[in-house]
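In what follows, a single structure is set out as C-alpha cells and then discussed.
Structure representation (C-alpha cells):
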C-alpha cells in the first residue's frame, strides 16, 4: 500500500466517522420532525464510503426531494439538494469541515422551505429568528 492510498483510506475513514456521528443523527431527527409536519421522510445510508440521504415527499407515492451527502472521487464532500417542485439540483463541494451544524441546517432549511414551503420547528429551535 502506498502512502497516497493510506491517506485516502484515512480520509475516507475520517469522513465516514464524521458523517455518521454528526449528520446521520441530525437527518434522523429532521425526518421525525418532517413526519410530524405531515410529510413522508426517510433516511438511508449506503455504500463505502457511506452516502447519507434524506428523502422527503408529500406522501409515499409522490416523487421525493432529497438532501444527499457523499464523498466524491477527489475526496471532497458533496452536499446535493434535489428539489422536485422546481426541478433543480444544487451541489456544494467542500471539505470535511463542511459536515457541521450550520451547513447541515442551512441545507435542510433550504430543502424544506423551497420544496415544501415549510419551516420545521426543529430548525427554528436551533436557530432563533435573525440567526440566519
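Numbering (UniProt numbering), first residue to last: 1 to 132. Glycine residues also receive a C-beta, built at the ideal position from the N, C-alpha and C atoms. This structure is a prediction, so every number in the text was calculated from the model and none was measured.
In this structure, what does DSSP give as the bridge partners for residue i?
i, result
"residue 79", "69, 92"
"residue 123", "In the DSSP output, where bridge partners are listed per residue, residue 123 has none listed."
Return yes when the Cβ of residue j is within less than 8 Å of the Cβ of residue i, no when it is not.
i, j, result
"residue 34", "residue 120", "yes"
"residue 57", "residue 39", "yes"
"residue 30", "residue 54", "yes"
"residue 37", "residue 118", "yes"
Using 8 Å for Cβ pairs, my map puts residue i next to residue j. What's the rounded Cβ distance?
i, j, result
"residue 65", "residue 111", "6 Å"
"residue 18", "residue 69", "The Cβ separation is near 10 Å, so there is no contact."
Which one of the options has the shortest CA to CA distance from residue i?
i, options, result
"residue 126", "113, 19, 102", "102"
"residue 23", "8, 43, 11", "43"
"residue 86", "8, 28, 115", "115"
"residue 76", "108, 59, 109, 49", "49"
"residue 95", "79, 61, 62", "79"
"residue 91", "52, 97, 109, 67", "67"
"residue 113", "19, 82, 93, 98", "82"
"residue 97", "41, 10, 14", "14"
"residue 74", "21, 93, 100", "93"
"residue 9", "117, 61, 71, 27", "71"
"residue 27", "117, 88, 45, 59", "45"
"residue 47", "41, 62, 25, 20", "20"
I'd like to know if residue i contacts chain D, where contact means its C-beta is closer than 8 Å to some C-beta of that chain.
i, result
"residue 52", "Chain labels in this structure do not include chain D; a single protein chain is all it has."
At what residue ranges does the stretch 7-62 contain a whole run of the beta strand (DSSP E), taking only runs of 3 or more?
40-46, 51-57
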